[in-house]
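Undergrad:
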Amino acid sequence: MTVHLEVTDDGVGTLRLDRPPLNALDAALQDRLRDLAHEAAGRDDVRAVVLWGGERVFAAGADIKEMRAMDHAAMVARARGLQEAFTAVARIPKPVVAAVTGYALGGGCELALCADVRFAASDARLGQPEILLGLIPGAGGTQRLPRLIGPSRAKELIFTGRQVGADEALAMGLVDRVLPAGEVYGAARAWAARLAAGPAIALRAAKESVDVGLDAGVDAGLALERSWFAGLFATDDRAYGMDSFMTEGPGHARFWPRP
């Protein structure tokens, strides 16, 4: 298999790319990624997700050999499946963190953009080099990258195709934390495990409200926020969280597994 979903007892599911040596994102990997993203979204025992490509590389981009053999008609047929795979990851209704080691280029960078946060190894390299092939990003890079780092910075990276190191990526907001390479996955798992113990419905509400507001505008975002905010008052997590606050003080509630 080119992608695995590994679930542990702490509620963390790791979506592990496994296509050595560089995790090139061919069509089979994309389809498998889509299917496992849907599985992670639907499984109750998966409460947070780590995207990981292994200790040496996240994903160095598309399978250029496969793409080179495709003509216009073939890519018209494939492009929707490519985007649907990445969108399935972006729409997992649970916290998602990308653990980026080595290269995250082209589709690899676009996959990292589908996470809620990104932890990067100090020697990681990120970028959108599609322009150097006479192309543009096709898996969401022209949309997710400017929403994350702003349009002018995104255009500069897309126009030039240049790679950025971890420190520059941190400075521009492309990644959220830089760590030694051997610590990236462990830190990402710890982040995911902490959120896996949190209120699942409220976390879903927060993620959806932010994402919809960014895409649809502030009025639609406020309407969704209002609906979710009121609706959460019907959940057991809300009752437990407020009871814990009153009896133990703030920050002591552990929502899952319930004490």
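To convert, take the position in the sequence shown, counting from 1, and add 6; that gives my numbering.
Where a beta carbon is used, it is the ideal one built from N, C-alpha and C, also for glycine.
Tell me the DSSP bridge mates of H10?
TA: In the DSSP output, where bridge partners are listed per residue, H10 has R22.
Undergrad: Identify the residues that DSSP records as bridge partners of W58: which are they?
TA: DSSP output for W58 lists R22 and A105 as bridge partner(s).
Undergrad: Assign K161 to buried or exposed, taking buried as 16 or more other Cβ atoms, counted over all protein chains shown, within 10 Å of its Cβ.
TA: K161 should be labelled exposed.
Undergrad: Going by the CB atoms, is the gap between F64 and L8 shorter than 9 Å?
TA: In the sequence as presented, Leu is not what sits at residue 8; that position holds Thr. No, Cβ-Cβ distance for T8 and F64 is not below 9 Å.
Undergrad: Drop a sphere of 10 angstroms on the beta-carbon of T166, count the other beta-carbons inside from all chains shown, and report buried for 16 or more, exposed for fewer.
TA: T166 comes out exposed.
Undergrad: Tell me, please, which residues DSSP counts as bridged to G133.
TA: Note: G133 sits in a beta bridge opposite L111 and Q169.
Undergrad: Name the DSSP beta bridge partners of R183, please?
TA: According to DSSP, which records beta bridges pairwise, R183 is partnered with F125.
Undergrad: Could you check which residue in L21, A127, A110 and P101 has the C-alpha nearest to that of G67?
TA: With distances taken between Cα atoms, G67 lies closest to A110.
Undergrad: Is it buried or exposed for T253, if we count other Cβ within 10 angstroms and need 16 for buried?
TA: Its Cβ having fewer than 16 others within 10 Å, T253 is exposed.
Undergrad: From the DSSP output, in three-state form, read off L31 for me.
TA: Three-state DSSP puts L31 in a strand.
Undergrad: Would you call D69 buried or exposed, if buried means 16 or more other Cβ atoms sit within 10 Å of its Cβ?
TA: That one is buried.
Undergrad: Any C-beta of chain C sitting closer than 9 Å to the C-beta of M76?
TA: The structure shown contains no chain C; it is built from a single protein chain.
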